[in-house]
Amino acid sequence: MNLLTDSILVLLILASFLLLSSSRLSNCIKTVALQGMMVGVLPLAANDSLTCRVTAIALVIAGMKGIVFPYMLFRTLRESTTIKELKPYVGYTASMFAGVVSLVASFWLDSRLHLPVAASSRLVVPVAFSMMLTGIFLIVGRRTAVNQVIGYLVMENGIYTFGLAIVRDVPLLVELGVLMDMFMAVFVMGIAIYRINREFDHIDSDQLNTLKG
Amino acid sequence: MMDVAHYMGVPLGLCMAPLLLGIINRTKAFFAGRNGSPLFQAYYDIWKLLRKDAVYSRTTTWIFRSAPVVGLGSVMIAMILVPVAGSSLFAFTGDLIFFAYCLGLMRFATVIAALDTGSSFEGMGASREVHFSTLAEPALLLGLAALAKLSGSFSLTGMFGGLSGSDWLASGPAIALIAFAVFVVFLAENARIPVDDPNTHLELTMIHEVMILDYSGPDLGIVLYAAALKLWVLGALIVNILICAADLSGFSGLIVFAGGMFILAVLVGIVESIMARLSLLKVPQLLVGAGAMSVLALILVMRFTS
Amino acid sequence: MNLLLSAFIIFVGGSFLSLGLVKYPRVLRVVGPGSVVIGSVLGIQPVLSSLILGTCDFLQMPWQIPMGSMSIGIDPLSAIFAIAILFVSPLAAVFGAGYLKSFEDTHDLGKSWFFFNLLVASMLLVVLARNALLFLIAWEVMSLASFFLVVFEHERDSVRRAGWIYFIATHIGTAFLLVMFLLLGRHAGSLEFSTFFNCGLSSHLVSVVFVFAVIGFGTKAGFMPFHVWLPEAHPAAPSHVSALMSGVMIKTGIYGLLRTLTFLGCPPAWWGWTIIIIGVVSGICGVLFALAQHDIKRLLAYHSVENIGIIALGLGVGLLGVSHGNAVVAFLGFAGGLLHVVNHAVFKSLLFLGAGSVLHSAGTREIDHLGGLIKKMPLTATAFLIGSAAICGLPPLNGFVSEFFIYVGAFEGMSRDGLSSGAAIGGILAITALALIGGLAVACFTKAFGIVFLGEPRSKHCEHAHESCMSMRIPMVLLSLACVAMGLWGFFAFGVMSNVTSVLTSGLTFDPATCGLITPYQDVLLSVTLFALALIVVIGSLIFLRSWLMSGRIQQSAVTWDCGYLAPNSRMQYTASSFAQPITKFFRTFLQTKRYVSPPEGFFPKTASFSSETDDFYGEQVYKPTFNALESWLSRFRQIQHGQLNLYIMYIIIALVVLFVWKLR
Amino acid sequence: MQIDGGLIILLLILLPAIFSGVCQMLRAPLQVLRFCIAGVVLVSIPGLVAVFQVFRKGPLFAAGNWLMLDILSAYHLLIMMMVFTISALFAVGYFREEIDMKEFTIKHARRYGSLWFGALAAMMLVLVSNNLGVMWVGIEATTLITAFLICIHVTPGALEAMWKYLMMCSVGVAAAFTGILLTAASTVPVGIHPTEALLWTNIMNSVSSMDPVLVKAAFIFIVVGYGTKAGLAPMHNWLPDAHSQAPSPVSAIFSGFLLNAALYCILRFLPIVEAVTGNSGWGRDILILFGLLSIVVAAIFIIGQRDVKRMLAYSSVEHIGLIALGVGLGGLGTFAALFHMFNHSLCKSLAFCCAGRVGQAYGSNDMRKTTDILRSMPVLGGGLIGGILALIGVAPFAIFLSEFIILKTAIDSSRYWIAGIYLTGLAVVFVGALRHAIAMAWKPPEEMAPDAPAKICLADAALVVIPLIILLILGLWMPKLLAEFILKASIVLGALS
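Chains as they are written, first to last, in my numbering: chain A, 1 to 213; chain B, 1 to 306; chain C, 1 to 665; chain D, 1 to 497.
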């Protein structure tokens, strides 16, 4: 099973890099859908004993992250005229570089922290860190609102992976609640972007800076 | 000290004060080679004025009319406190403050009376008066404080009574400084040259004379008399400083004191004859100088006694 | 104590009653001041008895507040301030009843009387409180109430600005007091005043407490570098309020300082020095700035600074006396300072009421626009004259008595030791300063009285001037009488003052009131009283003599001697500015007077003008630049709220990283 | 009288949730607003019963210990009731004009009512949950629900504010979730059953054997994460935008309770981290840092502020900082902080509501335009000015008292630097806010001021006067009951034990 887990984890990192380097929003959404799906099935790969409950939750999460969220984002995108990230704060090459740096930093951080890892692979925690950092990087470094939501999703993926790594068993109710909240968050963000687009004719978060001081 | 000076000091001052003016004028006349007015001219003037009718400005009020008597009253009270030949009618700790503030009251009355006329000339005089006296007051009080420190007493009588020839020997320079400072204050407060010229005829340059321009008749007489008394009481301070070396009392003390006053008057006359009036802008410097001398004296005294 | 409590309750009740009576101005006119008068009359008996008999009374009630307790008490120290409060407040209130009549249509007098009563109540509570929290709350209520009273005419920009400055100054002062009391409370273990004494603070902290008390209380009292609110707030407030604030409220600062000193044990000499230097600076600069003002109420406000300086001189001399173990100096200094507190309360409120009366009838505070008012308002003029003479410290009025105490105390301090001793130099400083202040004060008040009331009217303002109504005149008459009476009471003040000073020195090794060293001064004061009396008698009989002399004489009237000029007019009179010009020029280094001159030019000059303006040195040169610099420096940080979401999120991350680095290394 | 605690707690969450649905069925805007009042009163009944129970008998538990109402949450519950009541009462007056102008239609009203009750339910969930995960869910839910409350009226500003609010709080709350995961991880060695691992009561019982490093890391995430929501500087940036753009009754909730709810979550973690680090003040130091930073930042922004609602928002940053500081100082400071929480919520919701009405009347929130309000609208203007005065710590008001006690705690523990920064910050706030308040109160307007409202509504007057009187009374006299209540609550936080 270890091989499977590790390969999924590597794919997750590759997805992060893809996100960092692609400018077309639709590509980004597709990538994040893929990443979400993989994160969703990760427990299946990581767990030795597959119970019914774990499988069910994993499938639901994979479905949400891989299908529902991207779908909602696509809907949002369809309404808007923006299809491409123009002039990000940090260029794509530099983003890639930052991704590499964050990956290295994650491994270093992991080696420093000595977390009581519950999962089977040592790779899980650094990958989770790297995804969190990438997510934040996307939020901070991109202009379009959609890309920021994508960043948020990546960060959530990272946190989820992190949770998988260190917490053996989150109570079902909590897990569902969290999921529900995430769903709501993306939903609300989608609506917000939709409205912003309608009101301002753009979804450029950079230009939302009239309120200051 | 139940001697004659104890009781005679005040009457002596009341009687002799105008005479000082006469002496000063005679001295000046002597220096100018004139005959000069009679010694008792001031008495004649006051007497003449007291018998006259009066003219008042329509602008003036009761302030103007009562100021001369307030001034006279306060200078008389001050006179009670000044020792003559080592003793005064009354003395208490801190009476020099009362003395100084009585003169302050007199000034206050004179100044507001001048302002009561609404004349710009009198206003000008009043303005100068308060300016100079502001600077003269610290000089006087500090000088007296130095004396007080020297003698260890804080009443005029105790102060002068406490001084003796040995003090002159011990801290002569300090006492001389004080005497000089008080002399400057004396000249300034009494509107003498070099601060003010009592005989000037140009209103713009006057200080004291211009403030009383509008007085006439009995009021002017009172003003003149009060001014003479002021000359006497402040002069008495200087004389007291200077004659304290001679430890005198009783009748002989009285005589020596009166003699000292006359010599002081002559001195004033000499100063007036040989000096020109200072520019008004220079007067503050003179007074601050006097104050500095007082401070210096005070420091000297404290060094000697500590 | 019960009477005092009921007085307090009447003040508070009166305040709320006035708030409810907004709709009935006629009733309000009676109730607003009425409650102040009734309360004061009720309260004056226990205060007097404590003052004269030296008794102390203490009352503690539970109070549902953390660390607070309703501890109130009266001792002679409280009483001497309470007497000022209870004497001046009702008179100011009665004056206010007349003064505010013309505002009835435009302003909400209910609120005004509400805050007035509240101010009186809180001042009373300040001097009675024996618990730090109670004290601070009363203190803050006092500030709040007086703030609202200051901004009574809030439609004017200058008034609002003044209110702002005042409230800020007093609030920042309070911040220091908070720290001070808490430092004391921390070591005492409670906030009761009774536990504060010698509560085991290190000498380090005692000094901190002292410095904070000087700053905190000095701000309220108007010690020189902290006085900036005074010349703003006093002119802005209605005159009866200025009278109350200047006469009484700022004295609560002195009270607080003294009360704090009673906690701290034997003072080191430098405390006395500090207070003396503050006194010298406040006194001299206060009167100099006063001299340069054109606004009569601003002038009076600066004189409050000056008189606070005189009080500080007295207290400083007293402190030096205590620290050198010299009972006589301690007694004379403290007694002089405290007596001046009461005296200043009387004559300063008199002067403010006089100024209010002028303002009310002539409609301007500009001294240079006034003149000749003595003919139209003889009573106001006489009252103002008495106040002026009193504030100059001239005998036989009350100002002289307290200055006399301080002079003698300073002399005693000076005469004891040589130059090596601090007390000697302190004494010299005090004498010099007092002498200079005395001279300058005469200059200032001859100007204020002379230009406002004497001569010919300088502008149209004075044409419609009229004597004020009865309710405004009575307080002025009473206060004038008090000035004269207290000038003669030096002898009686002695006993009272020894009661008060024994509170101040109660924790020390010696008590001047009982050690017998001071008894000779009782006779001295008797002499002062006698001489003051003699002065009155002599002047009175001289007046009598003069009128006898003048009877039957012809008294002609003419124009003022004009030196040959044929068409004099009232504009040619000396003005306040020109009167003060020689002195202000002499002291221009301190005053920094701004002069705006357009001199006459050409052979036939048509216009020329001159005006001068003396801003507060500290306000303009110290506080304003500092605050402006601070504000512009701080506003640079406002850029962190730039509207960019990305960077906001960055802040979150930075906060996380910093915490990790800081806390989880 | 035996009352089933569990039932009450469930009722507390369910009632608002049901009301939220009911709002969709109402037919007139005013009806919705009145229903809000009725609803909050209805919720208050079980709420008060529960608070009373807790006060008398100790914590109530429900749903297998997943829900708990202890004295700390009961205290917060009380504050919440108060804030929501004020908000509901003011909303009627606030929206009435918009209803007349047809700007606030039934569509808006339904949305408003549903979201309003939804927010109530979500915050209730935060308060009553014993499970840290559920608590998190509640906080995230409040974010999402209240985001829409900001833009009841879709204006560019409101949208921008909403977007920033949403993003910042989501990121922050995600960080908090990481903290919760770390906490859960740190309980692994303890051996609590996983389903119970996140129960606060269980964690509190097993602090001795938790991994300190993990707990510390968790606490950092928690403070920064929830601190974002609570408006602690430097994570406060969403706060002035959201507060200024939201309708005033919503701003009142935001400032009056939303921030407190987030802070409440941090407070829940504080005893854990303190116990784990051996009461060394490790966690309290962090709170002190954020508290002071918030005070300073707020002070800087209040000086030059022009928008009255933004100024009040920054004042909230300041006061949340004060509370954090008080709790951070511990001991008596915790007591003062909790007391301050009450005072601030009461005062701030009043001030926001009054500011909203004033702004409506003047058509602007710019303080340079809304001048002379004491004349043009004596009651509401008076409420605003009185509120500002109380907020900046003018004396007889209760906030002075709580600030005094916080200062006392700082000085008693010899932390003079803290006292210095604290006082400086407060002084700057005072200077800045007072300048604005004076100008607003009395400065004659440059243009014509709006005409005074036809008549002063008695309800309005009561709404303004009662909170101010409560603040006054609390500043002068603290009921024993309240003191005891707060004392017990601060014992939960590990103070005064």
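Think of the CB as a built atom: it goes at the ideal place given N, C-alpha and C, for glycine as much as any other residue.
Spatial neighbours of residue i within its chain, please: C-beta separation below 6 Å, excluding the five flanking residues on both sides.
{"i": "L201/C", "result": "H187"}
{"i": "L385/C", "result": "F449"}
{"i": "A197/D", "result": "A184 and T187"}
Which residues of chain A have a Cβ atom closer than 7 Å to the Cβ of residue i, listed in chain order?
{"i": "R638/C", "result": "G213"}
Output needed for residue i: all residues of its chain with C-beta closer than 7 Å, excluding positions within five of it in sequence on either side, in chain order.
{"i": "Q573/C", "result": "G371, G455, E456 and R458"}
{"i": "A454/D", "result": "The predicted position of A454/D is uncertain, since its pLDDT is 47 and thus under 50; no value can be drawn from it."}
{"i": "A437/D", "result": "I385, I388 and L389"}
{"i": "G185/C", "result": "A132 and L191"}
{"i": "H294/C", "result": "E366, I367, D368, A576 and S577"}
Could you check where the alpha helix (DSSP H) with residue i kicks off and where it finishes?
{"i": "R546/C", "result": "P520 to M550"}
{"i": "I83/A", "result": "That residue, I83/A, is in no alpha helix (DSSP H); it is neither H nor E in DSSP."}
Using a Cβ cut-off of 9 Å, pull out every chain A residue sitting near residue i, in sequence order please.
{"i": "D241/D", "result": "L211 and K212"}
{"i": "V358/D", "result": "Near V358/D there are no residues of chain A at all, since even the closest Cβ is about 20 Å away, more than 9 Å."}
Count the other C-beta atoms from every protein chain shown that fall within 10 angstroms of the C-beta of residue i, then say buried if there are 16 or more, exposed otherwise.
{"i": "M1/D", "result": "Residue placement at M1/D is flagged as unreliable, the pLDDT there being 48, under the threshold of 50; a coordinate-derived value is accordingly withheld."}
{"i": "S609/C", "result": "exposed"}
{"i": "P582/C", "result": "buried"}
{"i": "G20/C", "result": "exposed"}
{"i": "T626/C", "result": "exposed"}
{"i": "D616/C", "result": "buried"}
{"i": "H114/A", "result": "exposed"}
Give the interface partners of residue i over in chain D, defined as CB-CB distance under 8 Å, in chain order.
{"i": "Q641/C", "result": "N237, P240 and F301"}
{"i": "G66/A", "result": "Correct list: empty, because the minimum Cβ distance to chain D is about 19 Å."}
{"i": "L50/A", "result": "The contacting residues do not exist; L50/A stays about 17 Å from chain D at best."}
Could you work out which residues of chain D lie near residue i, taking near to mean beta carbons separated by less than 7 Å?
{"i": "G163/C", "result": "I438"}
Among residues of its own chain, excluding the 5 on either side of residue i, which ones have a beta-carbon nearer than 8 Å to its beta-carbon?
{"i": "S114/D", "result": "S20, G21, C23 and Q24"}
{"i": "H234/C", "result": "S242, M245, S246, K297, R298, L300, A301, S304 and F352"}
{"i": "L419/C", "result": "Confidence is the limiting factor: at L419/C the pLDDT is only 47, short of 50, which leaves the residue's position unreliable and the question unanswerable from this model."}
In chain C, what lies closer than 8 Å to residue i by C-beta?
{"i": "L208/A", "result": "G643 and L645"}
Taking the beta strand (DSSP E) that residue i falls in, what are its first and last residues?
{"i": "F197/C", "result": "That residue, F197/C, is in no beta strand (DSSP E); it is neither H nor E in DSSP."}
{"i": "L60/D", "result": "L60 to A62"}
What residues from chain B crowd round residue i, counting only those whose CB sits closer than 7 Å?
{"i": "W561/C", "result": "S119, L213 and D214"}
*Any residues in the stretch 121–152 of chain A with a beta carbon nearer than 8 Å to a beta carbon of chain D? Which ones, in chain order?*
Those residues of the stretch 121–152 of chain A that come within reach of chain D (Cβ to Cβ, closer than 8 Å) are M132, I136, I139, A145, Q148 and Y152.
*Residues in the stretch 384–398 of chain C having any Cβ partner in chain B nearer than 7 Å*: If the cut-off is 7 Å between Cβ atoms, the stretch 384–398 of chain C has A389, C392, G393, L394 and P395 near chain B.
*asked:* Short of 7 Å Cβ to Cβ, which residues in the stretch 258–276 of chain C face chain B?
replied: Residues of the stretch 258–276 of chain C with a C-beta atom less than 7 Å from some C-beta of chain B do not occur.
*asked:* Residues of the stretch 76–108 of chain A in Cβ contact with chain C at a cutoff of 9 Å, in chain order, please.
replied: From the stretch 76–108 of chain A, only Y89 have a Cβ closer than 9 Å to chain C.
*Quick one, which residues of the stretch 60–78 of chain B are near chain C if we go by CB-CB under 7 Å, in chain order?*
Residues of the stretch 60–78 of chain B that bring their beta carbon within less than 7 Å of a beta carbon in chain C comprise T61, I63, S66, V69, V70, L72, G73, S74, M76 and I77, in sequence order.
_Please identify, using Cβ separations under 7 Å, the residues of the stretch 647–660 of chain C that lie next to chain A, in order along the chain._
Among the residues of the stretch 647–660 of chain C, those with a Cβ less than 7 Å away from any Cβ of chain A are I649, M650 and I653, in the order of the chain.
*Please list the residues of the stretch 224–249 of chain B that have a C-beta atom closer than 9 Å to any C-beta atom in chain C, keeping them in chain order.*
Close to chain C, meaning a Cβ-Cβ distance shorter than 9 Å, is no residue of the stretch 224–249 of chain B at all.
*asked:* Under 7 Å, CB to CB, which of the residues in the stretch 11–24 of chain B have a partner in chain C?
replied: The residues in question: there are none.
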